[in-house]
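Undergrad: The structure's right below; bear with me while I get my questions together.
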Amino acid sequence: MVAPSQIHPSGWAFIMAYQFWFAYACRRLALHLFFTLFHVTRSKEGGHFRFISFDQPDRLFEDFTDIPNDFLRRFYWVSPVGRGHDHLCTLAPTDDHSWPLNGADVCSLKFHHCWSKRHFTLPVHDYVNNGALNDDAAASERILRGYVKGKVVSVGDDFLPPCKKIIKPTGEGPSVVPYLGPLVEVLPVVEQSSCGNARTRTCIYSLSPLGGSRTELDVLMERLKKVPLREEKAFKGLRELEYQVLVLSKKLQAYEDSGLGLLRKENVDLMSRVRFLESELRAFNDFRYSAFKDANEKAARLEKEKDDLSLSHTELIKHSLGLVPAVFDNSVNQVELYLGRPLPRDRFSYRHYVKDGNEILGNASGQGGFPYLPTRSSLGLRRISWQLNLRNRGG
7 MVAPSQIHPS GWAFIMAYQF WFAYACRRLA LHLFFTLFHV TRSKEGGHFR FISFDQPDRL
67 FEDFTDIPND FLRRFYWVSP VGRGHDHLCT LAPTDDHSWP LNGADVCSLK FHHCWSKRHF
127 TLPVHDYVNN GALNDDAAAS ERILRGYVKG KVVSVGDDFL PPCKKIIKPT GEGPSVVPYL
187 GPLVEVLPVV EQSSCGNART RTCIYSLSPL GGSRTELDVL MERLKKVPLR EEKAFKGLRE
247 LEYQVLVLSK KLQAYEDSGL GLLRKENVDL MSRVRFLESE LRAFNDFRYS AFKDANEKAA
307 RLEKEKDDLS LSHTELIKHS LGLVPAVFDN SVNQVELYLG RPLPRDRFSY RHYVKDGNEI
367 LGNASGQGGF PYLPTRSSLG LRRISWQLNL RNRGG
C-alpha cells in the first residue's frame, strides 16, 4: 500500500481540485474518469521508490506552484486524529443505537485507489483508460471540459503573490479585461437530496484564493505605500514610550531616596520580621504541643506499668504467704527428725508468735487474711519467721 506522504503535493492538489469541481457541479465522483484525465507517473531513486504524481494529457487543472511544505501545512497536516479522516472516509448512516443501517460498512473510502509495490513494475498506459466510462462519467467529462474551455487563465509574472488575469472572448477577438469578482466562484448552496450526504462534501477548505485582479493589485500597492508611514508612526510612539519610562524611573528613584521611601523600606523590614516571628511562634506551638502529647503518652504508659507491677506484686505476696503453712510443717518435721521424737502438733501453729517471752496468737483480721509473723519463733525458727516478716512488710 502506498503511504499518503508518497504522493507528490501537486498530486494531492489535483485530487482535491477534482473533488472540489465534482462537489461544485453536484456530480458523482468517478474513479475511472480521474485516471482517464490524469496519467500516473512513478519515480525511483537509488533503488527506492519515491514520489507518485499525476500528469495531464490535456491541461484541465493548473499545477500547484507553491512550495511543498506550505502545501502540506495547508492541505495535508499529518496528525494522529484530525480532519483529514473526514475527507478520506464516508461514515455509513446509523440507527438510534449507532449501528450501521442495512449492514453497511462503518467507514468507506471516498477514493478507492490503493497502490502496491507491484504497480511500479507496470507500464503507464495500464492506468490510462482503466475501463470504459459509463454514461454518468462521460457526461461529467463533457461538462468539465466545457467548463474549462469557457475560462482560460494565465498567471502573471509579478513579484507579488500570484495575480491572475481573465481572458474573455468579445465580438472582435479575445481581449484582456480586469475581472472584479473572485477567481474561484462561490459555491451555491445545495440541498441534501440533490447532492447526497453533506458529510461527503466536507473535503473543501475555506482558503483564500490564490489569484486576484488588477484592481486588487492596485489596492495592494497602495497598502504597501502606507507601510513606511505606519512604521514611522510606530517608531515615534516607541521613542515617546522610552522617554516616559525614563521619567518614571527617575521619579521612582527620587521616591526611594526620600523619607517616605526609607519609611517604606523600614515597613517592609518590619513586616518581614513579623512574618519571621510568626513562623517561629507557630514552630514553638507545634513543638510544645508535641512535647505535651509525648509527656501525656509517657505518663499513661508509666501508670499502666505501675498498675501491672502492683498487680504482679500482690499476686507474688499471696503466692508466698500461701507457702507459709507448708514451710512451717516442713520445719516442724525437721525438728522432730533432729530430736528423734514426735512433738505435740497442737502446741505449734504458724499463727503463733513469741513476744517478750510469751506465746501470742496472731490476729489475721487486719493482715489481709494472714497473721503478722514475728522476727523470732517459739521453736527457734528465727530465720524462717524473719524472712516471712520481711515479705509481709514489703507488701
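Numbering-wise (the numbering used here), the sequence shown opens with residue 7 and increments by one.
Backbone N, C-alpha and C fix where the C-beta goes; we use that ideal spot for every residue, glycine too.
Keep in mind that this is a model prediction, so the values were computed, not measured.
Would you call the CB atoms of Q62 and F44 closer than 8 Å?
TA: Closer than 8 Å, so yes.
Undergrad: Classify L150 as buried or exposed, calling it buried when 16 or more other Cβ atoms lie within 10 Å of its own Cβ.
TA: It is buried - the Cβ of L150 has at least 16 other Cβ atoms within 10 Å.
Undergrad: So is V330 buried or exposed if we call it buried at 16+ other beta carbons inside 10 Å?
TA: It is buried - the Cβ of V330 has at least 16 other Cβ atoms within 10 Å.
Undergrad: Let me check understanding here. Comparing Cα to Cα, which of E68, F28 and L35 lies closest to G6?
TA: Residue numbering for the chain in the displayed model covers 7 to 401; residue 6 lies beyond these limits and cannot be assessed.
Undergrad: Can you tell me where the alpha helix (DSSP H) with F67 in it begins and where it stops?
TA: Element bounds for F67: n/a, residue is neither H nor E.
Undergrad: Strictly by DSSP, which residues pair up with T47?
TA: Answer is S59.
Undergrad: Cα separation between E147 and T42?
TA: Each residue's Cα considered, the two are about 10 Å apart.
Undergrad: What separation, rounded to the nearest whole angstrom, lies between the Cα atoms of D224 and K231?
TA: When rounded, the distance between both Cα atoms is 11 Å.
Undergrad: Below 8 Å between beta carbons: does that hold for I21 and I58?
TA: No. Outside cutoff.
Undergrad: Is DSSP giving H103 helix, strand or coil here?
TA: DSSP places H103 in coil when its eight states are reduced to three.
Undergrad: Are the CB atoms of H38 and A145 nearer to each other than 8 Å?
TA: The answer is no: Cβ separation not under 8 Å.
Undergrad: Closer than 7 Å to a non-hydrogen atom of the ligand GTP - does that hold for the CB of L322?
TA: Because no ligand of any kind appears in the structure shown, any question about the ligand GTP cannot be addressed here.
Undergrad: Helix, strand or coil: how does DSSP classify H14 here?
TA: It is coil, neither helix nor strand.
Undergrad: Could you spell out where the alpha helix (DSSP H) holding S285 opens and where it closes?
TA: Start and end: G265 to G328.
Undergrad: Whole angstroms are fine: how far does the CA of F28 sit from the CA of Q198?
TA: The predicted model places Q198 with a pLDDT of 39, which falls under 50 and marks its position as unreliable; any figure quoted below should be read in that light. Roughly 15 Å between the two C-alpha positions.
Undergrad: Tell me the rounded alpha-carbon separation between T100 and P106.
TA: If you take the alpha carbons of T100 and P106, they lie about 4 Å apart.
Undergrad: What's the C-alpha gap between G328 and D292?
TA: Whole-angstrom Cα-Cα distance: 54 Å.
Undergrad: Just reading off the alpha helix (DSSP H) that D142 is part of, what are its end residues?
TA: Note, D142: alpha helix (DSSP H), D141 to K155.
Undergrad: So, with DSSP's three-state summary, where would you put L35?
TA: The answer is coil: DSSP assigns L35 none of H, G, I, E or B.
Undergrad: Assign P348 to one of three DSSP states: helix, strand, or coil.
TA: It is coil, neither helix nor strand.
Undergrad: Take V338 and list the residues in its own chain whose beta-carbon comes closer than 8 Å to its own, dropping the five residues that flank it on each side.
TA: For V338, where only same-chain residues beyond five positions count, the Cβ hits under 8 Å are L349, R351, F354 and L385.
Undergrad: Shorter than 8 Å from the beta carbon of D292 to some beta carbon of chain D?
TA: Absent from the structure is chain D; it holds one protein chain and no more.
Undergrad: Kindly give me the distance between the Cβ atoms of F60 and V46, rounded to whole angstroms, as I take these residues to be in contact under 8 Å.
TA: With a Cβ gap of about 6 Å, F60 and V46 count as contacting.
Undergrad: Can you tell me whether DSSP reads A98 as helix, strand or coil?
TA: In the structure shown, A98 sits in coil (DSSP, three-state: anything other than H, G, I, E or B).
Undergrad: Roughly how many angstroms separate the alpha carbons of E228 and K239, rounded to a whole number?
TA: Answer to the nearest angstrom: the Cα atoms are 17 Å apart.
Undergrad: Just the C-alpha distance for G152 and H103, rounded to the nearest angstrom, thanks.
TA: Rounded to the nearest angstrom, the two C-alpha atoms are 46 Å apart.
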